[in-house]
Structure formats: structure tokens, C-alpha cells
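S.K.: Before anything else, here's the structure in question.
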Amino acid sequence: MFYIFNILLPVVLLFFLNTFVFLLPSQSGEKTSMAVSVLLSFQLFLSIIRDSLPENSLTVSLFSIYVSLANSTSVIIVVVNILLLKMKDMPPPKWILRRCQKDSASNKVDVVSGNVEDDESGNVEDQKQVRPEWADIETKLNKTCFACFFVLSSSVTAVILGMLTR
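Numbering (the numbering used here), first residue to last: 972 to 1137.
Following this line, the structure appears as C-alpha cells:
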């Protein structure tokens, strides 16, 4: 019970907390600092686990594999977060504009397979689809990243903890 409450439970909670960085608003300025703080916490737990394991062993502990996977996922989340924040300063790339359309009536961005094109006639109200703004695209990308990383975290946790309990 000591190891479960002092090592296993904090690592699992940090692994899930790491994905929630995509739900923070980018205007707050805390997204990157939270992601880096979680990454440093994983490094701390990895060093604690490394100190408690024997130096010579024929097998690798499943829990150390889990913490290493969580650590590498945390690195990927930091990189994706920084890329999303850097993309905010630039105009949206054409491949994103082709995948997104904005419904002018509901002000929501939907992912579609059609192209978003400029209307040369100049009347925006007559268009059904208008060019989405970067803030809308960023919100959609953050929600997509959250969903992907949450599913990854859940599946890795279920597999590793399932293997640990057998």
C-alpha cells in the first residue's frame, strides 16, 4: 500500500493531468509552464524509481516502463503545445483551412473534406462558409489533441496496470 499511494497513484494522476494542458486557454500563459512542470515531475519520479530498483537485473520493471512512456508522452505534449502556441502568431496554413470551415450562422468550426475558398465578389454575408479565424481553429486543435492524448493515456495505463496486477 505504501508504494501504491506514494509512487503509483501520483504517477498515474500526473499522466492524466498532463493531457489537461490542452484545455487551458492560451491567453493565460500557463500552458507551457504546466506542461514543463509535469515533465519535471516525471523526471523526479523516474529518478526515485531508478534508485529503488536493483542495479543488475535480467528484466525491466513494468512500472519503470510505464513511467518512461509517461515521460516520453510528456515530452511530446510539451512539443505539441509549443507548436500550437507558435502557430497562433502566424496565419493559418492552407492545409488547415482546407480541413476546416466556419459556419457563419453558428460561429463553429467543423472539420470537413471540402475546400474553404475566398469569395471574390466581396459579400461575406451571402457565403455559407467563411474563412475560420485562428482562435477557432486553435480551440478545435486543442480539443483534438486533448482527446487523442487522453485516449493514449487511458489505454497505456489500462494495459500496464493490467499487466502489473496479473
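Note that CB positions come from ideal geometry on N, CA and C, so glycine has one too.
Excluding sequence positions up to five away, which residues of its chain have a Cβ less than 8 angstroms from the Cβ of V1049?
M.R.: If you ignore the 5 residues before and after V1049, its C-beta comes within less than 8 angstroms of the C-beta of T1003, A1006, V1007 and L1010, all in its own chain and listed in chain order.
S.K.: Can you name the start and end residues of the alpha helix (DSSP H) that K1111 belongs to?
M.R.: W1105 to L1135
S.K.: Alpha carbon to alpha carbon, what distance is there between F987 and I1047?
M.R.: 14 angstroms
S.K.: If you follow the alpha helix (DSSP H) that N1052 is in, where does it begin and where does it stop?
M.R.: L1033 to M1058
S.K.: So what does DSSP say about T1030, is it helix, strand or coil?
M.R.: coil
S.K.: For the segment 1049–1061 against the segment 1014–1026, do three or more pairs of beta-carbon atoms, one drawn from each stretch, fall closer than 8 angstroms, so that the two count as touching?
M.R.: no
S.K.: Among T1044, I1020, M972 and I975, whose alpha-carbon lies nearest the alpha-carbon of C1116?
M.R.: Ranking T1044, I1020, M972 and I975 by Cα distance to C1116 puts T1044 first.
S.K.: For E912, does the count of other Cβ atoms within 10 angstroms reach 16, so buried, or fall short, so exposed?
M.R.: In the structure as shown, the chain starts at 972 and stops at 1137, and residue 912 therefore has no counterpart that could be examined.
S.K.: For N977 versus F1013, is the C-beta spacing smaller than 8 angstroms?
M.R.: no
S.K.: Ignore the nearest five residues each way along the sequence and tell me which others in L995's own chain have a CB closer than 8 angstroms to its CB.
M.R.: Around L995: E1001, K1002 and M1005.
S.K.: Once DSSP output is grouped into helix, strand and coil, what is the label at M913?
M.R.: The shown model of the chain, from 972 to 1137, leaves out residue 913, and the question about it has no answer.
S.K.: Kindly indicate which residue of V983, A1118, F991 and F993 has the alpha-carbon position closest to the one of I1131.
M.R.: With distances taken between Cα atoms, I1131 lies closest to V983.
S.K.: Give the straight-line distance between the Cα atoms of Y974 and L1017, rounded to the nearest whole angstrom.
M.R.: 14 angstroms
S.K.: Mapping the DSSP letters down to three states, classify L1017 as helix, strand or coil.
M.R.: helix
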